[in-house]
Structure formats: C-alpha cells, structure tokens
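In my numbering, the protein residues as written are 2 to 198.
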C-alpha cells in the first residue's frame, strides 16, 4: 500500500509470531529427542520459511514506525532462523559441521535478547517476558551445542514456553486487528506523564 494517499500498512506481527512459534516447536522437539535424524534435511526449509516470515514482518513493522518490534523480528529472522537453517543444510549435505560456531552464535543471540529488554521496558510485562526467556533459551542452546548436554531439558522446555508465548502473542496481535484485546499486562516502566517531567 502507498502511504502517500493516506493509507497505512496493517500490522504484520501475526506473521512474525507465527514463524516464531513454528521454529520454537521444532527446537522443542529437537531438544526432546523426538525428531529422527532423517528429519534433519527438513529443518532447513522450515527455518527458511520462518526466517522469511519474520524478516518480512519486521520490515513491515519498521515501515509502520514500530522500531523495537520491527528490528527484533528482522534480526531474529536473519540470525536466529536463516543462519542456523543454512547450517542445517550444510550438515545434511555433509559440507561442514555446526560445532562450535553455532554454539557461540546462539550465545551471542542470547546476549542480543538480553539487551533487547531495554527496548521492551515500556512494553507490557508479557511482551517484555520474551527478553529474559530468550536469553535463557539461546544461552542454553549455545551451551548444549558446545557439549553441555545436561542442559538439553532446559533448552527443550524453555523452547516450549517460547512456543506458547508465540502462540499467545499471535492471538493477541490478531485480536488487535479486529479490536479484541487480550491481556498482556501493564508496562514494566510506565511512561511519565507531563506533570511528572
């Protein structure tokens, strides 16, 4: 749509949250050991689809002026989905192994999620929750990939929590489009009123 005629882009957050929920489902099943090795080649197209969904959603959200959400969706689409997705492709084609580089990459992404909490301080508490949760998920995944396999249950069940978070945020974002508002809590740090400044 063209904004020059006064029309505005609709929110693409549901698309981004759908991609996020799909990827965290795959990670949950993978760390539970529920996916056979024969499924490894299928992880690449799933990561590719999820990455494209999040990047497109991020760009649209940036176009709408939603800087924090748009940047997070685009960054995670590129770095959390596409990069590991291509790594799985390399593994399935026997062109390389993801250890230890994916472990370090995921730990860096965990740091990104922790830092992103700064941008979510004015967001509702349920939205903010993804920052510490994402930090724990990505650090535990990174450590598992570096050989600390005792952390697999932590990685698995925090991915499950993230999947539930993603599904709820998908419902919340869709609800906003039709003026149905689901609970997400009050802002962590409320905005100051003009009288307080």
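We put the CB at the ideal spot given by N, CA and C, even for glycine.
Predicted, not measured: the structure shown is a model, and the values here were computed from it.
Just to check my reading of the structure: residue i and residue j have Cβ atoms closer than 8 Å, yes? What is that Cβ distance to the nearest angstrom?
i, j, result
"residue 136", "residue 185", "No, residue 136 and residue 185 are not in contact; Cβ-Cβ is about 20 Å, not under 8 Å."
"residue 118", "residue 25", "At roughly 18 Å, the Cβ-Cβ gap does not stay under 8 Å, so residue 118 and residue 25 are not in contact."
"residue 13", "residue 61", "4 Å"
What are the start and end residues of the alpha helix (DSSP H) that includes residue i?
i, result
"residue 169", "153-178"
"residue 192", "Premise fails: residue 192 is in no alpha helix (DSSP H) and is neither H nor E."
"residue 78", "Premise fails: residue 78 is in no alpha helix (DSSP H) and is neither H nor E."
"residue 140", "131-146"
For residue i, collect the residues of the same chain with a Cβ closer than 8 Å to its Cβ; drop the 5 residues on either side in sequence, then sort them by chain order.
i, result
"residue 172", "183"
"residue 121", "69, 128, 129, 131, 132, 189"
"residue 106", "80, 84, 85, 143"
Which one of the options has the shortest CA to CA distance from residue i?
i, options, result
"residue 79", "33, 162, 190, 56", "56"
"residue 32", "176, 77, 150, 13", "150"
"residue 22", "115, 47, 122, 43", "47"
"residue 199", "100, 120, 191", "The chain is shown from 2 up to 198; residue 199 falls before or after that span and cannot be answered."
"residue 134", "148, 146, 157", "157"
"residue 187", "124, 73, 59, 77", "124"
Residues in its own chain within less than 6 Å of residue i by CB, not counting five upstream and five downstream?
i, result
"residue 20", "51, 54, 55"
To which residues of the same chain is residue i closer than 7 Å at the C-beta, ignoring the five residues directly before and after it?
i, result
"residue 15", "171, 174, 175"
"residue 200", "What the structure shows of the chain is the stretch from 2 to 198, and residue 200 is not part of that stretch, so it cannot be assessed."
Within 8 Å, do at least three Cβ pairs link the segment 90-109 to the segment 58-77? no
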